[in-house]
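Working notes, beginning with the structure itself.
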Amino acid sequence: MFLLLESVRSALNSIRAHRMRSFLTSLGIIIGVASVITVISLIQGLSKSVTKQFEGLGGNSLTITAHNTMKEAMQGKFNSLRFEDIEHLRTHIDEIADVSPLFVLSVPTVRFGSTDTSARVFATTPTYQDVQQRFASMGRFLSASDESGARRVAVIGPKLIESLHLPENPIGQYIGFNNEWFKIIGVMEKRGELFGMSQDDYVIIPFRTGRSLIGNNQNMRNMQLTVSLKDISKLEEVKPRIKTVMRKAHRLDPDAPDDFEIASSDQLSKSLDNITATVTLVMGGIVGIALLVGGIGIMNIMLVSVTERTREIGICKAIGARSRDIMMQFLIEAVTLSVLGGLIGLALGYALGFGISNLIPDFPDAVVPWWAVLLSFVFSAGVGIVFGVMPASKAAKLDPIDALRYE
């Protein structure tokens, strides 16, 4: 322990005596660690933000969408869900609490007075807010009477208040699209932007109203069904039964592939986690090259230091220092340089990550996971050990007589 403490003290004295050289030596490690922490913090922050969006899908729900292969799309063939699929599911599967259909209407523009803007128009049922866990912050959501009466009412996203120059409280105002006028009855909660795109520029109208607008078109290419279950524990049990009902409803042959897909919210979340992990690994690996360059810089400077301190090594050996003592001294000096650079890089990475996330409008806050901090520290120490072994070994192998004669 005494030898270790003396080696650390000697290493710090050497670093203090050559401040500029020590800083330049550690610069590669500082840049490498700072880059890794910055990239990881931004990716993890974005991942957590997107995960929160998926959490709003509801843990007890399944989403059914049409499945189209690239080959079929190239041939102009597109599968779609049907309106009668809704009743098939409600009738044949008792475990289903409700089915919330949703389809997107093709709307050129939405207008208010002399102002118009582009927006997505969804047609859905009153169960949408409970299944999707998205609620109105002003006014109310669609009701059963709105749906049964196919009323011309709408709930809008908060972005449209700004885009259409609506009053701060737009309840009771009328907006128009597809040569129809709709009374605003509610404004949804703000969700912000995702990947630079607003999630609040939409209009929600009753499902029956949407059907009346598209006429007799029974097949909707972009329609999806969100199925909520009475008991979440039966999710995996219900999946194959839904598949059977859907195949029968679509009159598919036994050997024909499914023309639909069934996904749960946790599957979407897991897929996102896998993508994020892959991106983090790739970006961390690319930025980690800077750490390798920094390690080579430490090795080169330490080799120069061994040459400069040859006489010092000779004196140490002459008064009884062992080869392993000399090796430990130079190895600890290399590790100390690397770890100090890692700590500075860690602080710099924290600052850069949070600074960049605040500079980008509507970008989620940076998140630095504990494993990134631990990984940076361990990697920095590892770089010091790996690239410090050669200079330390060279110093330990010097002959004391030759070292004392060195000019």
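In this text, residue positions in the sequence shown follow full-length UniProt numbering: the first is 1, and each later residue adds one. Note that CB positions come from ideal geometry on N, CA and C, so glycine has one too.
Which first and last residues belong to the alpha helix (DSSP H) in which I326 is found? That run of the alpha helix (DSSP H) goes S323 to L359.
Beta-carbon proximity list for L303, same chain, < 8 Å, skipping 5 on both sides: Correct list, in chain order: M390, P391 and K394.
In the structure shown, what three-state DSSP assignment does V367 receive? Coil.
Could you spell out where the beta strand (DSSP E) holding Q133 opens and where it closes? Per DSSP, Q133 belongs to no beta strand (DSSP E) and is neither H nor E.
Spatial distance of R90 from L102 (CA atoms): Using only the alpha carbons, I get a separation of about 16 Å.
My output table needs one value for P206: the three-state DSSP class, helix, strand or coil. Residue state, collapsed to three classes: strand.
Just to check, is the beta-carbon of G388 closer than 8 Å to a non-hydrogen atom of the ligand MN? You won't find the ligand MN in this model; it holds no ligand whatsoever.
Could you say which of G314, P369, N358 and I385 lies nearest to K397 if we only look at CA atoms? Here the closest residue by C-alpha is G314.
Of the residues T278, S305 and H18, which one's Cα is nearest the Cα of residue 426? Here the chain covers residues 1 to 407 and nothing more, so residue 426 does not appear.
Are T124 and I175 closer than 9 Å when you measure CB to CB? Not in contact: T124 and I175 (Cβ atoms no closer than 9 Å).
Among the residues of its own chain, which have a CB less than 6 Å from the CB of G186, if the five just before and after it don't count? Annotation for G186: A136, G139, R140, F141 and V155 place their beta carbon closer than 6 Å to its own, counting only its chain and skipping 5 residues before and after.
Own chain partners of E189 with C-beta closer than 7 Å, once the 5 adjacent residues on each side are dropped: Cβ contact annotation for E189 (same chain, cutoff 7 Å, sequence separation greater than five): R134, F135 and S137, in chain order.
Give me whichever residues DSSP pairs with E312 in a beta bridge. Paired residues: none, contrary to the question.
Inspect the beta-carbon positions of S228 and T65 and report whether they are closer than 9 Å. Not a contact, by the Cβ cut-off of 9 Å.
Taking the alpha carbon of residue 410 as the reference point, which residue from T310, G345, L346 and F23 has its own alpha carbon closest? Because the chain here runs from 1 to 407, residue 410 falls outside it and cannot be looked at.
Own chain, CB closer than 6 Å to G384, minus 5 neighbours either side, in chain order: A334, V335 and S338, listed in sequence order.
Under 8 Å: do the region 371 to 382 and the region 28 to 38 share three or more Cβ pairs, one atom per stretch? These segments touch.
On the premise that V367 lies in contact with Q44, defined as a C-beta separation below 8 Å, what is that separation, rounded to the nearest angstrom? Contact between Q44 and V367 holds: their C-beta atoms lie close to 4 Å from each other, under 8 Å.
Kindly indicate the opening and closing residues of the beta strand (DSSP E) around A66. Where A66 is concerned, the enclosing beta strand (DSSP E) stretches over S61 to A66.
Is A11 closer than 9 Å to I332 when the C-beta atoms are compared? Contact annotation: I332 and A11 have beta-carbon atoms nearer than 9 Å.
Please classify I289 as buried or exposed, where buried requires at least 16 other C-beta atoms within 10 Å of its C-beta. Residue burial annotation: I289 is exposed, with fewer than 16 other C-beta atoms found within 10 angstroms of its C-beta.
Short Cβ contact (9 Å threshold) for L62 with S264: A contact, by the Cβ cut-off of 9 Å.
Tell me which same chain residues have a C-beta within less than 6 Å of the C-beta of V121, skipping the five on either side of it? So the qualifying residues of the chain are L105, V107 and V203.
Please state whether DSSP places Q224 in a helix, a strand or coil. For Q224, the three-state secondary structure derived from DSSP is strand.
Let's test the definition: count the other Cβ atoms within 10 Å of the Cβ of F182 and tell me whether it reaches 16, buried, or not, exposed. Burial is judged here by how many other beta carbons sit within 10 angstroms of a residue's own beta carbon; F182 has at least 16 and is buried.
Take I296 as the anchor and find which of D201, V386 and N178 has the nearest alpha-carbon. Ranking the options by Cα distance to I296, first place goes to V386.
Simplified DSSP state of L166, which is helix, strand or coil: DSSP places L166 in coil when its eight states are reduced to three.
Closest to E180 by CA distance: which of G157, L213 and D255 is it? It is L213 whose Cα lies nearest to the Cα of E180.
Answer with buried or exposed for P257, where buried requires no fewer than 16 other C-beta atoms within 10 angstroms of its C-beta. Looking at its Cβ environment, which holds fewer than 16 other Cβ atoms inside 10 Å, P257 is exposed.
With a threshold of 7 Å on Cβ separation, who are the neighbours of E147 within its own chain once the five nearest residues in sequence on each side are excluded? Correct list, in chain order: T125, P126, P206, F207 and R208.
Could you give the C-beta distance for L166 and V110, rounded to a whole number, given that I count them as a contact under 8 Å? In this structure, L166 and V110 do not form a Cβ contact; the two beta carbons are roughly 11 Å apart against a cut-off of 8 Å.
Cα-Cα separation, K243 to A372: If you take the alpha carbons of K243 and A372, they lie about 42 Å apart.
Measure the Cβ-Cβ separation of E95 and K248 and say whether it is below 9 Å. With respect to K248, E95 sits apart: the two C-beta atoms are not nearer than 9 Å.
Determine the burial state of S198: buried for a count of at least 16 other Cβ atoms within 10 Å of its Cβ, exposed for fewer. Buried: at least 16 other Cβ atoms inside 10 Å.
My output table needs one value for R251: the three-state DSSP class, helix, strand or coil. R251 falls in the coil class under three-state DSSP.
Boundaries (first-last residue) of the alpha helix (DSSP H) holding I171: From DSSP, I171 is part of no alpha helix (DSSP H); its letter is neither H nor E.
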